[in-house]
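Chemist:
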Amino acid sequence: MENIRNIAVIAHVDHGKTTMVDELLKQSGTFSQREQISERVMDSNDIEKERGITILSKNTAINYKGTKINIIDTPGHADFGGEVERVLKMIDGVLLLVDAQEGVMPQTKFVVKKALSLGLKPIVVINKIDKPAADPERVINEIFDLFVALDANDEQLDFPIVYAAAKNGYAKLDLNDESDNMEPLFQTILEKVPAPSGTNDNPLQLQVFTLGYDNFVGKIGIARIFNGVVKKNQNVMLAKADGTKVNGRISKLIGFMGLEKMDIEEAKSGDIVAIAGFEALDVGDSIVDPNNPMPLDPLHIEEPTLSIVFSVNDGPLAGTEGKHVTSNKIAERLEAEMKTNIAMKYESTGEGKFKVSGRGELQITILAENMRREGFEFCMGRPEVIVKMEDGVKTEPFEHLVIDVPEEFSGAVIEKLGKRKAEMKTMAPTGDGQTRLEFEIPARGLIGFRSQFLTDTKGEGVMNHSFLEFRPFSGAVEKRNNGALISMENGVALGYSLFNLQDRGVLFIDPQTKVYTGMIIGEHSRPNDLDVNPIKGKNLTNVRASGSDDAIKLVPPRKLSLERALEWIEEDELVEVTPQNVRVRKRYLDPTQRKRMEKAKS
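Counting along the sequence shown from 1, when you hit position 40 you're at 39 in numbering that gives the first Met the number 0, and nothing is skipped either side.
(1) If you run the structure through DSSP and keep just helix, strand and coil, what is Met370?
(2) Which stretch, first to last residue, makes up the alpha helix (DSSP H) that contains Glu437?
(3) If you compare alpha carbons, which of Leu484, Lys344, Leu203 and Leu553 is closest to Asn291?
(4) Which of the three DSSP states, helix, strand or coil, is assigned to Asp179?
(5) Does DSSP put Gly217 in a helix, in a strand, or in coil?
(6) With distances taken Cα to Cα, identify the nearest neighbour of Asp157 among Ser473, Leu305 and Phe146.
(7) Going by Cα to Cα distance, which pick from Glu334, Asn201, Ser356 and Arg332 is closest to Met343?
(8) So, at 6 angstroms on beta carbons, what are the nonlocal neighbours of Lys108 in its own chain, with the 5 sequence-adjacent residues on each side left out?
(9) Among Ile125, Asn234, Leu559 and Asp134, which residue has its Cα nearest to the Cα of Lys16?
(10) Does Ile568 come out as helix, strand or coil in the three-state DSSP assignment?
(11) Quick one: what's got a C-beta closer than 7 angstroms to Ala7's C-beta in the same chain, skipping five residues either side?
(12) Please classify Gln100: does DSSP put it in a helix, a strand, or coil?
(13) Apart from the five residues on each side of it in sequence, which residues of its chain come closer than 7 angstroms, Cβ to Cβ, to Gly321?
(14) Use the C-beta contact count for Phe448: other C-beta atoms within 10 angstroms, 16 or more gives buried, fewer gives exposed.
(15) Check the C-beta distance from Ala564 over to Val542 and give it rounded, since I have them as a contact under 8 angstroms.
(16) Are at least three pairs of beta-carbons, each pair with one atom in the segment 176-183 and one in the segment 269-282, less than 8 angstroms apart?
(17) Can you list, in chain order, the stretches of the alpha helix (DSSP H) that have 4 or more residues and sit fully within the segment 285-352?
(18) Do you know how far the Cα of Pro303 is from the Cα of Arg358?
(19) Would you kindly work out how many angstroms separate the C-alpha atoms of Gly242 and Asn199, rounded to a whole number?
(20) Between Ser524 and Arg503, how many whole angstroms is the CB-CB distance? I'm expecting something under 8 angstroms.
(21) Could you name the residues of the same chain whose beta carbon sits closer than 8 angstroms to that of Gly474, not counting the 5 residues immediately before and after it, in chain order?
(22) Helix, strand or coil, according to DSSP, for Met426 in the structure here?
(23) Roughly how many whole angstroms lie between the Cα atoms of Gly664 and Gly490?
(24) Along the alpha helix (DSSP H) that carries Asp405, what are the first and last residues, could you check?
(25) Which residues bound the beta strand (DSSP E) around Ile249?
(26) Does the Cβ-Cβ distance between Asp281 and Lys251 come in under 9 angstroms?
(27) Which residue comes first and which comes last in the alpha helix (DSSP H) that contains Asp605?
(28) Contact defined as beta carbons within less than 8 angstroms: I believe Asn312 pairs with Glu562. What is the distance between those atoms, to the nearest angstrom?
(29) How is the alpha helix (DSSP H) around Asp642 delimited, first residue to last?
(30) State the Cα-Cα distance for the pair Glu566 and Phe143, rounded to the nearest angstrom.
(31) Relative to the C-alpha of Arg470, which candidate in Ala60, Val384, Gln511 and Ser486 has its C-alpha closest?
(32) When the Cα atoms are used, what is the spatial distance from Asn62 to Val245?
(33) DSSP on Ser496, reduced to helix/strand/coil?
(34) Using CA atoms only, rank isn't needed, just tell me which of Asn327, Glu569, Ala222 and Val103 is closest to Asn480.
(35) Can you tell which of Arg248, Ile446, Lys513 and Pro121 has the C-alpha that lies nearest to the C-alpha of Leu305?
(36) If you follow the alpha helix (DSSP H) that Ser486 is in, where does it begin and where does it stop?
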């Protein structure tokens, strides 16, 4: 059996996972000298490149001194926790990356808890030691305390430590060592990560942990071989999580090396490969020997906590900017997404509406952003948390929220969160005039909080949260304080009328923007909604007067991104998403119908 090591790289967002994988790929000699490699080569999709975050867990393999190291790069964002959880079951060791300045963050806790409970022994990599405010000693103490708090055993507490600056391409075992390469990290992986258990002689056992889709071969499952040997065109049995068994044949077997995928004839116990040939394939399913079937335990996948209703765009500008506008097209696209993204669910609620549930706002907005780029046009309602009934008690999801802010802003943040039913757990200074606040808050309280938070902390605050558990419902949470400025006309907005409206609040649109009745063009400075006319021009006369012909000075509008728009809207409002624009509108465009609905509600 060839030497194999299977590892995953886990860390909080922005602690350098993907950059670290880049360096391991480059320095292992997997790429030839001629290959041009881009930065953060594993973040392959456009949105990942733009935002600098990893969304999908991806795997690669490198050859180092005769050992094949399979590496899985995982996302660090709480919304993609489902991806990390599954991956950890497939590997024998983890590299836990922690930023030498920021230290342990909520997502670090989330992934470490999962890794320790599975009995994995992490290799701790203190990354970004080249930062001016880096304090590796403090961070190691934090990690040790975290391991103790999570009931790590003695073996896990005796973790190996590697210091690294992945961006500069070096790692060392002691801070005083000289080093200009990743050699110490490679050595630590070979010594400390156990080789896969299982043998080639046992009956076949293989489990799928991620899905892909190919238009030619159909569903592709990326899987780990726990026992036995798998060959192309071999007859096998698919054992699903619900107990059903299907016989079939492996039509395609794909191996990984560097960034290349190649067709292979056979793979042995311990390796990670991709297989095709089963349409009914799902994450957690086992592929076993039909003569001696021994399925593996199915994987537990976390429940969705948030849902958003997608609907057909029925506004006056519908169909003018996108090419896929019908409910059939939207349903097809959501169906395709669910084939590969198992942390999300969707159901049709009739009348061209679809309820999409996921692990958080970011996960659903990334789906919407992808659809928008593919030419879809649709509306989205306000995000709502999923409420469950447990033993006759109404429960809702709670989040663990960690906030780092300059000291002078901590009072404002605590006050705002108090109104959103948050309970403060700890408050500690972290040096450099910063304070770290930790809260437990209902997930509903976080909807719409981010933009408010950035304003209150002048953009200097950092907030991170991860799912805690379902708890009893905690009553009403504070909503948006300001009303909306609503257009009462169809047409094109003019600079003259916007100039006169800007005293009434903050505008969202520029002059020459198309508007329609019921479209929201800004935020009112008071709590009530206000109908305004943004298309009114100046009455021209042939009399010139020095006072009335001043130049118009417009304040730049507040541009709403998809996330900000979703956070801003209330229950009676929708976000209209097209390939070219993100607009905000009232659910009922006609003002008399709006008043009638409000009366009926009250």
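For every residue, glycine included, the Cβ atom is placed at its ideal position computed from N, Cα and C.
Modeler: Taking the structure as given:
(1) Mapped onto the sequence shown, residue 370 falls at position 371. Looking at Met370 - three-state DSSP - the assignment turns out to be helix.
(2) Taking the first residue of the sequence shown as 1, we reach residue 437 at position 438. Glu437 -> not in any alpha helix (DSSP H); beta strand (DSSP E) instead, spanning Gln433 to Pro441.
(3) Position 292 of the sequence shown holds residue 291. Closest option to Asn291, Cα to Cα, is Leu203.
(4) Within the sequence shown, the letter at position 180 stands for residue 179. In the structure shown, Asp179 sits in coil (DSSP, three-state: anything other than H, G, I, E or B).
(5) For the purposes of this step, residue 217 is identified with residue 218 of the sequence shown, where counting begins at 1. Reduced to three states, the DSSP call for Gly217 is strand.
(6) Counting from 1 along the sequence shown, the entry for residue 157 is found at position 158. Out of Ser473, Leu305 and Phe146, Phe146 has the C-alpha closest to the C-alpha of Asp157.
(7) Your numbering for residue 343 matches position 344 in the sequence shown. Of Glu334, Asn201, Ser356 and Arg332, the residue nearest in Cα terms is Ser356.
(8) Here residue 108 corresponds to residue number 109 of the sequence shown, with the count starting at 1. So the list is empty, once near-sequence residues are dropped.
(9) The sequence position of residue 16 within the sequence shown is 17, counting from 1. Closest by alpha carbon: Ile125.
(10) For this step, residue 568 is matched to residue 569 along the sequence shown. Note: Ile568 maps to coil in three-state DSSP.
(11) Taking the sequence shown and counting its residues from 1, the one referred to as residue 7 is at position 8. Ile71, Thr73, Val86, Leu87, Ile90 and Val93, listed in sequence order.
(12) Here residue 100 is taken as the residue at index 101 of the sequence shown, counted from 1. If DSSP states are grouped into helix, strand and coil, Gln100 belongs with coil.
(13) Reading the sequence shown from its first residue, position 322 is the one you call residue 321. Gly374, Phe375, Glu376, Thr577 and Pro578.
(14) Taking the first residue of the sequence shown as 1, we reach residue 448 at position 449. By the 10 Å Cβ count, Phe448 comes out buried.
(15) Taking the first residue of the sequence shown as position 1, residue 564 is located at position 565. Taking the first residue of the sequence shown as position 1, residue 542 is located at position 543. So it is not a contact: roughly 44 angstroms between Cβ atoms.
(16) no
(17) 326-339
(18) Here residue 358 refers to the residue found at position 359 of the sequence shown. Here residue 303 refers to the residue found at position 304 of the sequence shown. Cα to Cα, the separation comes out at about 5 angstroms.
(19) Sequence index remark: in the sequence shown, residue 242 carries index 243 (1-based). Sequence index remark: in the sequence shown, residue 199 carries index 200 (1-based). Cα-Cα distance, rounded: 25 angstroms.
(20) Position 525 of the sequence shown, counting from 1, holds the residue named residue 524. Position 504 of the sequence shown, counting from 1, holds the residue named residue 503. That pair is a contact at about 6 angstroms.
(21) The sequence position of residue 474 within the sequence shown is 475, counting from 1. Contacts found: Lys420.
(22) On the sequence shown, position 427 is the one that residue 426 refers to. Three-state result, Met426: strand.
(23) Absent from the structure is residue 664, since the part of the chain shown begins at 0 and ends at 601.
(24) Looking up residue 405 in the sequence shown gives position 406. Note on identity: in this sequence residue 405 is Pro, with Asp being the wrong assignment. Element bounds for Pro405: not the alpha helix (DSSP H) but the beta strand (DSSP E), Val392 to Pro405.
(25) As a first step, residue 249 must be located in the sequence shown, where it is residue number 250. Element bounds for Ile249: n/a, residue is neither H nor E.
(26) Along the sequence shown, one-based indexing puts residue 281 at 282. Along the sequence shown, one-based indexing puts residue 251 at 252. Contact: no.
(27) Within the shown structure, residues of the chain are numbered from 0 to 601, placing residue 605 beyond reach of any answer.
(28) For the purposes of this step, residue 312 is taken as residue 313 along the sequence shown, with counting starting at 1. For the purposes of this step, residue 562 is taken as residue 563 along the sequence shown, with counting starting at 1. In fact, because the Cβ distance is near 19 angstroms, the residues do not count as touching under 8 angstroms.
(29) The structure shown does not extend to residue 642, since the chain is modelled only from 0 to 601, so the question has no answer here.
(30) Numbered from its first residue, the sequence shown carries residue 566 at position 567. Numbered from its first residue, the sequence shown carries residue 143 at position 144. If I take the Cα positions, the gap works out to 37 angstroms.
(31) The count along the sequence shown starts at 1 and reaches residue 470 at position 471. Nearest C-alpha to Arg470: Val384.
(32) Taking the sequence shown and counting its residues from 1, the one referred to as residue 62 is at position 63. Taking the sequence shown and counting its residues from 1, the one referred to as residue 245 is at position 246. In a straight line, the C-alpha of Asn62 is about 36 angstroms away from that of Val245.
(33) Indexing the sequence shown from 1 puts residue 496 at position 497. It is helical.
(34) Taking the sequence shown and counting its residues from 1, the one referred to as residue 480 is at position 481. Selected option, being the one with the closest Cα: Glu569.
(35) Position 306 of the sequence shown holds residue 305. Ranking Arg248, Ile446, Lys513 and Pro121 by Cα distance to Leu305 puts Ile446 first.
(36) As a position in the sequence shown, residue 486 is number 487, starting the count at 1. Where Ser486 is concerned, there is no enclosing alpha helix (DSSP H), although the beta strand (DSSP E) it sits in stretches over Ala483 to Ser486.
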